[in-house]
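Residue numbers (the UniProt record's numbering): 1 to 134.
Reviewing the structure listed below.
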């Protein structure tokens with residue numbers, strides 16, 4: 001008895017996805033204690049979050065296979081929490097690349113941009129700013 005073409009296509013797709021899941025799990029489990037301890041804290045967080053995300057995905061799939069709507073379970077909140085953590089790790093990775101403010105240069109720029117009337121010594125505030133920028 002042959003399967004209908006619609007079911008055969010879905011089974012083929014399921015088989016491909018299952019192979020990808022097996023490969024992902026193999027990559028996560030091949031990391032031993034020595035190599036894990038040599039990772040930076042951000043890399044450890046990334047690895048741990050990936051592991052949790054993988055487990056949640058498998059649980060989500062199990063619920064779906066059993067005919068249960070996973071959105072009604074706590075797993076949806078856990079997914080949201082892991083995604084927020086991924087965003088936080090990304091922010092921490094990108095923080096050193098962010099531009100930094102040079103306060104001294106900003107003070108010099110502001111003090112040079114202020115208008116001074118000719119023949120006056122300027123305001124005490126202007127003097128203070130110019131002294132601090134030197």
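Cβ coordinates follow ideal geometry from the N, Cα and C atoms, glycine included.
It should be emphasised that the depicted structure is a prediction, and the values quoted were computed from it without experimental measurement.
Inter-residue Cα distance where the pair is residue i and residue j
{"i": "residue 49", "j": "residue 11", "result": "30 Å"}
{"i": "residue 68", "j": "residue 95", "result": "41 Å"}
{"i": "residue 80", "j": "residue 109", "result": "44 Å"}
{"i": "residue 28", "j": "residue 4", "result": "36 Å"}
{"i": "residue 45", "j": "residue 128", "result": "47 Å"}
{"i": "residue 23", "j": "residue 65", "result": "21 Å"}
{"i": "residue 20", "j": "residue 97", "result": "33 Å"}
{"i": "residue 74", "j": "residue 32", "result": "31 Å"}
{"i": "residue 2", "j": "residue 9", "result": "13 Å"}
{"i": "residue 103", "j": "residue 16", "result": "56 Å"}
{"i": "residue 105", "j": "residue 38", "result": "40 Å"}
{"i": "residue 86", "j": "residue 43", "result": "11 Å"}
{"i": "residue 18", "j": "residue 88", "result": "30 Å"}
{"i": "residue 99", "j": "residue 84", "result": "24 Å"}
{"i": "residue 7", "j": "residue 70", "result": "23 Å"}
CA nearest to the CA of residue i, picked from the options
{"i": "residue 14", "options": "61, 106, 24, 29", "result": "61"}
{"i": "residue 51", "options": "111, 82, 63", "result": "82"}
{"i": "residue 41", "options": "75, 22, 93", "result": "93"}
{"i": "residue 112", "options": "131, 57, 17", "result": "131"}
{"i": "residue 56", "options": "77, 100, 39", "result": "77"}
Residue j beta carbon less than 9 Å from that of residue i
{"i": "residue 72", "j": "residue 25", "result": "no"}
{"i": "residue 59", "j": "residue 47", "result": "no"}
List in chain order: all unbroken alpha helix (DSSP H) runs of 4+ residues lying wholly within the stretch 42 to 113.
75 to 94, 103 to 113
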